[in-house]
Structure formats: structure tokens, C-alpha cells
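FYI, the numbering for the sequence shown is -26 to -1, 1 to 253, going by mature numbering (1 follows the signal peptide of the UniProt record, and there is no 0). The C-beta atom is built at its ideal place from N, Cα and C for all residues, glycine as well. Values in this document were obtained by computation on a predicted structure and should not be read as measured data.
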Amino acid sequence: MKKLLPTLAILLPLSFVMLTTGSTYAQTDLKTAFEKGMADYDKNPTEAVQQMDDNIRFVAGHGGQFYDKAATLTLAKSRPAAKSETQMSDLRVKQSGTLGVVSGIRNHALVLPNNQKMTWKDAFTYTFEWKKNNWVLTDIHHTKIDYQTGEETAVRQVIDAETKAYHEANLAVWRTNWATTPYIERQDEKLRKLANTPYLKGEALQKGYEEFAKTHKPTGLNPVVSDYESHVAGNMAWATYTQEDKKADGSVGQKQRSLRILEKINGQWKIVMISLTGF
């Protein structure tokens, strides 16, 4: 019995330390600390980075770049002045002792002063360590899912507005998204039935749209876009994507691959060419 006393004397303090340490962790929820950190970054990214661990490492998975704290701070300072909006989904929080990991999907947008948006979607993994009674962010890893610059977002807005107006038979709005230049063109196999040709361009296309507007009614279909990609080069842009137009019961009314070319005319993106290929 006397031999057990020294062992008990050692174990009791250890047990007390483990219990009090565990209760400290419980009082400082990792998820809460993570959400506060994200909110602080949206408000002031430079200050938020300055508060991170000195050995912070940021990995941009889509390009494989590694950034230390100084480089991460430079990125934060170079961010344009804008309103920041962040939405998280599929959030997973795991904690074991002094180590914490938070992962999920982030949809982020910067609303610029001219009301254009820069948007991106990425998968993230953040690693935290418990230091000085706080959860401290030590590693950041982002993997790109989707990214659009302000101009790419503006292009997408025109494409979506034109598609929505078509399905709602709001042809006044529909036409405003098209250029009126003599080189506008539409390539579509459906034109064979309407005009005995696989494409129309220029004045012939404008006249075709005028005749079409006389009989077109709301389609009742819901467009669903996938595999979307766009690129902007100066005053020209192009986008490709797959579109399924679904009926009310969820079945697919039609499915097409779309190529759209846009030109920036008088500061506004306008569609100058569409090519459609059915599945």
C-alpha cells in the first residue's frame, strides 16, 4: 500500500490537469472560434492575418503556391476595397486535444464599388492549435472549385438574364442582352425547320427574332446549368456550358451544349454569337 501512494500522488495531479484542460477546451468552442475568425477576416483581412500564427502557411491548392505569413499579409493588403460576403456549407469540425481541424465549402464574393462581383468557390481545410488559451490558425489550404473575376461575373449575369427572359417570354428584356451589330449570329439545328438553314446572322437573325417574338410563349421550363466555363480577353468573352431545361415534374425537356460569345459595347456586355448542340 505504501508503494502505491507515490504513484497515486503522481496520477492525481495529472488527472486534475487533464480535466481542467478539457474543460478549458469545452469553454472555447472551435466552431465558434472559426466563425469569428472568418467574420473578422471579412471585416478587415489585413488585421486578421496579422493576428494569425507567425508560422502560418497558406496553400492555394488550385495553383500549388505556398505562402508564409508575410506573403499572406501582402495578398490581404492587395485585395481591392469591396464588401466581402462569405457563405459556408458542409462544415466539419474535428478536435483532439490541442489540435483542431475545420473543413468545408466556401462561397465567397467581393462586391466592388461599381457593383460588379468577384466570386469564387473552394474547398478548404483549416488547422488550429490551442495556444495561450486560444485556438490559433496555423495552416490554411484552399482548393479551387470555381472562380470568376468581376468581368466574368458580368458575362454570366448577361447570359443568365437572356436565358431567364427567353423562358419567361419577356422578349423586351431578352433582346437587350443581344448586340445589334451586323455580325451577330445564331447556330442552331432547330433553325432548319424554321428557316431552312442551320444558322442565321446579321439582319436575317434580327428579322427572325422579330417573327419569333410574335408567337413565343413562356416555356414553363427551369434551366439548370452545369460544366460552365468562361474567359475574358479585353472586350471579348466566351462561355461554354451544358444546359438542361427541366419540366415541372423534374424530367428534362431538352439538353444542349452552348457556346456564347460576347462583346463589350459601350461598357456593356452583349451577346454576339450563340452555337447550340443538342444531346
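query	result
Within this structure, are the beta carbons of residue 223 and residue 197 separated by less than 7 Å?	no
So does the region 178 to 194 actually touch the region 135 to 151, counting three or more Cβ pairs closer than 8 Å?	yes
Could you check what DSSP says for residue 121 in three-state terms: helix, strand or coil?	strand
Quick one: grab the DSSP three-state call for residue 93.	strand
Below 8 Å on the Cβ atoms is my guess for residue 78 versus residue 66; work out the distance and round it to an integer in Å.	6 Å
Classify residue 63 as helix, strand or coil using the three-state DSSP reduction.	strand
Tell me whether residue 114 counts as near the ligand ZN, meaning its Cβ is closer than 6 Å to at least one heavy atom of that ligand.	Ligands in the displayed structure: none, and consequently the ligand ZN is not present.
Taking only three categories from DSSP, how would you classify residue 86?	coil
Taking all protein chains shown into account, do 16 or more other C-beta atoms lie within 10 angstroms of the C-beta of residue 241, making it buried, or fewer, making it exposed?	exposed
What are the uninterrupted segments assigned as beta strand (DSSP E) that are 3 or more residues long and contained completely in the region 169 to 219, given in chain order?	173 to 175 and 196 to 207
Which residue comes first and which comes last in the beta strand (DSSP E) that contains residue 12?	Per DSSP, residue 12 belongs to no beta strand (DSSP E); it is in the alpha helix (DSSP H), 4 to 17.
Tell me whether the beta-carbon of residue 156 lies closer than 7 Å to the beta-carbon of residue 163.	no
Please work out which residues of its chain come closer than 7 Å, Cβ to Cβ, to residue 141, disregarding the five sequence neighbours upstream and downstream, and give them in chain order.	192, 193, 195 and 197
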